[in-house]
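Numbering (mature numbering (1 follows the signal peptide of the UniProt record, and there is no 0)), first residue to last: -20 to -1, 1 to 103. The structure appears right after this line, and notes come after that.
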Amino acid sequence: MKRILLAAALTAVLVASSVAQPGPEGPAPDPKTERQRNGAAKLAGLVAFVDASCPEMRGDPERLSVAVTRLGVDPVDLRQGELYLRAKAYTEIYQKDVPANCKRAVETFGEAGTAIPGLIVKK
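Written out as structure tokens, the structure is:
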């Protein structure tokens, strides 16, 4: 009986210590921070999409920078590395339906937008 209890206690300690230890890639990212980083990548991808695909519209780089900074992301991070690749992937997704996504971008981020007014402006 003592051996069973000792084995159970040892197993519990090992499991607890393995849960508390970060994996080989480091600690898991904070979910809120990841949502904010992903939101910044979506905005950057959207602006790149609008600049390339919506003939009468363009993104406002200053408003993008402010929006991304408010999300806690350095705008420079969107020009390189993992966030750049994430933003680029969003741009490609938006390009699958150019007319609908240009319209949606204006409705949501244009001068009278419902999310971030003025992020998308007329050329």
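Think of the CB as a built atom: it goes at the ideal place given N, C-alpha and C, for glycine as much as any other residue. Here the structure is a predicted model, which means the values were calculated and not measured.
- DSSP, reduced to helix, strand and coil, places Gly19 within a helical segment of the structure shown.
- Residue pairing by DSSP places Gly39 opposite Ile100 in a beta bridge.
- Cβ neighbours of Glu36 within its own chain (closer than 8 Å, five residues either side excluded): Lys102, Lys103.
- If you ignore the 5 residues before and after Lys22, its C-beta comes within less than 7 Å of the C-beta of Tyr70, all in its own chain and listed in chain order.
- When the Cα atoms are used, Arg84 and Asp10 turn out to be separated by approximately 30 Å.
- Per the coordinates, the alpha-carbon of Asp40 lies some 14 Å from the alpha-carbon of Ala92.
- Annotated three-state conformation of Cys82 is helix, per DSSP.
- Residue nearest to Ala32 within the set Ala80, Lys12, Gln75 is Gln75 (criterion: CA-CA distance).
- Excluding sequence positions up to five before and after Glu62, its CB lies less than 7 Å from no other CB in the same chain.
- The alpha-carbon of Pro79 is positioned some 32 Å away from that of Thr13.
- Ranked by Cα distance from Arg59, the options Arg15, Phe29, Ala24 are led by Ala24.
- Judged by beta-carbon spacing, Ile100 lies beyond the 8 Å limit of Ala47, meaning their Cβ atoms are not closer than that value.
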